[in-house]
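Only one structure is covered here, and it is reproduced in the block below.
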Amino acid sequence: MKFYWGERKQIAWHALKTALTTPPVFLHFPLYDNTTKKKFPFVLSTDASQFGIAGALKQHTPDGLKPIVYISRTLNSSERNYSTFERECLGIIWSVTKLRDYLADESFIIETDQQPARNIHLNRSSTNRRVNNWKLQLQDYDIIEIKHKPGTRNCDADYMSRHPLINIEETNDELDGICVAIMTRSKTKQQTTTADDIPTTTSSNTSSTSFYSKQLSPLDPSRLKHEQHSDPDIQF
């Protein structure tokens, strides 16, 4: 039986991508708990394949678990020679360090479908020198636990690791610029924020994944700069 991808399927596919990267499913900005004056807990799902690594950062809110940012990248020629365990650990360390502006001062949980990777954050020596180096990097973060999540349920990170972004540097630069603006604002004035309070400019950019096209997720540096200068909480 042949499978045909027609116009209706393409429209439905774009509608699904839009739903996953816009409110009410997607958060433009980490939310704060009015009672504790702290951010709601974070969950980071990670995965690795033979082609790429990926992470999906989500936040527990009163309305359920909501995604904040999707990231992925291709593996280089050396990384493709890593063992499955090493690739999964690389997916964890890369996602955590890439999202450091979100996670540096927060307690969070990591999800992976690789059982042996559950202890990579613990201060235990490994016979693998590369993994030991990654362990040291993770000591700077307050990781509550690394939980095992079956691959059949780890769909967001799993999909992105198998369809990773090709242009690594461009995507990383976009994400870094957005993270700087976000964290400058949050550190200047911690306040309760809802999705409606945040300009839609950054939403599609922080949700950069392999299947989000440039047409769907354009980055407008001039508008971003204008919004930053007009925001009273951001002073450069």
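Going by full-length UniProt numbering, the first residue of the sequence shown is number 1, and it counts up by one from there. Glycine included, C-beta positions come from ideal geometry on N, C-alpha and C.
Tell me the rounded alpha-carbon separation between residue 32 and residue 61.
Residue mapping note: residue 32 aligns to position 32 of the sequence shown, counting from 1. Residue mapping note: residue 61 aligns to position 61 of the sequence shown, counting from 1. Between residue 32 and residue 61, the C-alpha separation is close to 9 Å.
C-beta atoms of residue 80 and residue 53 nearer than 9 Å:
Translated into positions along the sequence shown, residue 80 becomes position 80. Translated into positions along the sequence shown, residue 53 becomes position 53. It is not a contact, given that the beta carbons lie outside the stated cut-off.
For a minimum of 3 consecutive residues, which ranges assigned as the beta strand (DSSP E) are wholly contained in the UniProt domain "Reverse transcriptase RNase H-like" (41-141)?
Unbroken beta strand (DSSP E) stretches of 3 residues or longer found wholly inside the UniProt domain "Reverse transcriptase RNase H-like" (41-141): 42-48, 52-61, 64-74, 107-112, given in chain order.
Whole-angstrom distance between residue 151 and residue 107, CA atom to CA atom:
If you number the sequence shown from 1, residue 107 lands on position 107. If you number the sequence shown from 1, residue 151 lands on position 151. In a straight line, the C-alpha of residue 107 is about 24 Å away from that of residue 151.
Helix, strand or coil: how does DSSP classify residue 148 here?
Working through the sequence shown from its first residue, we reach residue 148 at position 148. Strand, per DSSP.
Which listed residue (139, 36, 14, 20) has its alpha carbon closest to that of residue 65
Along the sequence shown, one-based indexing puts residue 65 at 65. Nearest of 139, 36, 14, 20 to residue 65, Cα basis: 20.
Round the Cβ separation of residue 156 and residue 45 to the nearest angstrom and send it over; I've been treating them as touching at under 8 Å.
As a first step, residue 156 must be located in the sequence shown, where it is residue number 156. As a first step, residue 45 must be located in the sequence shown, where it is residue number 45. Confirmed, Cβ separation roughly 6 Å.
So, does the segment 25-39 touch the segment 121-139, judging by three or more C-beta pairs under 8 Å?
By the Cβ criterion, the segment 25-39 is not in contact with the segment 121-139, since fewer than three pairs of Cβ atoms, one from each stretch, lie closer than 8 Å.
Is it true that the CB of residue 112 sits closer than 9 Å to the CB of residue 88?
As a working note, residue 88 is residue 88 in the sequence shown. As a working note, residue 112 is residue 112 in the sequence shown. Cβ distance < 9 Å, so residue 88 and residue 112 count as in contact.
Cα-Cα separation, residue 5 to residue 15:
Your numbering for residue 5 matches position 5 in the sequence shown. Your numbering for residue 15 matches position 15 in the sequence shown. Straight-line Cα distance between these residues: approximately 15 Å.
Buried or exposed by the 16-neighbour rule on C-beta atoms within 10 Å, applied to residue 56
For this step, residue 56 is matched to residue 56 along the sequence shown. Residue environment for residue 56: buried (at least 16 other C-beta atoms within 10 angstroms of its C-beta).
Cβ shell of residue 94 (< 6 Å), same chain only, five flanking positions each side left out:
For this step, residue 94 is matched to residue 94 along the sequence shown. 53.
Taking the DSSP output, what are the residues bridged to residue 143?
Numbered from 1 along the sequence shown, position 143 holds the residue referred to as residue 143. 108, per the DSSP bridge assignment.
When you compare the CB positions of residue 134 and residue 92, do they come within less than 9 Å of one another, or not?
Locating residue 134 in the sequence shown gives position 134, where the first residue counts as 1. Locating residue 92 in the sequence shown gives position 92, where the first residue counts as 1. Yes, these two residues count as a Cβ contact at 9 Å.
For the alpha helix (DSSP H) containing residue 8, list its first residue and its last residue.
Translated into the one-based positions of the sequence shown, residue 8 becomes position 8. Its alpha helix (DSSP H) spans residues 7-20.
Pick helix, strand or coil for residue 4, following the three-state DSSP scheme.
For the purposes of this step, residue 4 is taken as residue 4 along the sequence shown, with counting starting at 1. Here residue 4 sits in coil by DSSP.
Are there 16 or more other CB atoms within 10 angstroms of the CB of residue 212, so buried, or fewer, so exposed?
If you number the sequence shown from 1, residue 212 lands on position 212. Because the pLDDT of residue 212 is 38, which lies under 50, any placement of that residue in the model is unreliable, and the number read from its coordinates should be weighed accordingly. When all chains shown are included, residue 212 counts as buried.
Can you tell which of 131, 130, 120, 159 has the C-alpha that lies nearest to the C-alpha of residue 148?
Position 148 of the sequence shown, counted from the start, is the residue given in the question as residue 148. Taking only the C-alpha atoms, the option nearest residue 148 is 120.
If the criterion is Cβ atoms closer than 9 Å, does the pair residue 130 and residue 51 meet it?
Numbered from its first residue, the sequence shown carries residue 130 at position 130. Numbered from its first residue, the sequence shown carries residue 51 at position 51. Result no, Cβ atoms of residue 130 and residue 51 do not sit closer than 9 Å.
Other residues of its chain near residue 85: CB distance less than 6 Å, five sequence neighbours each side excluded:
Within the sequence shown, residue 85 is the residue found at index 85, counting from 1. So the list reads 116, once near-sequence residues are dropped.
Nearest chain C C-beta to residue 79 closer than 9 Å, yes or no?
The structure shown contains no chain C; it holds only a single protein chain.
Given residue 132, which residues of its chain have a CB within under 7 Å of its CB, disregarding the five upstream and five downstream residues?
Here residue 132 is taken as the residue at index 132 of the sequence shown, counted from 1. Within the same chain, residue 132 has close Cβ partners 125, 126.
On a CA-only basis, which of 153, 142, 144 is nearest residue 114? Give me that one, please.
Walking along the sequence shown from the start, residue 114 turns up at place 114. Here the closest residue by C-alpha is 153.
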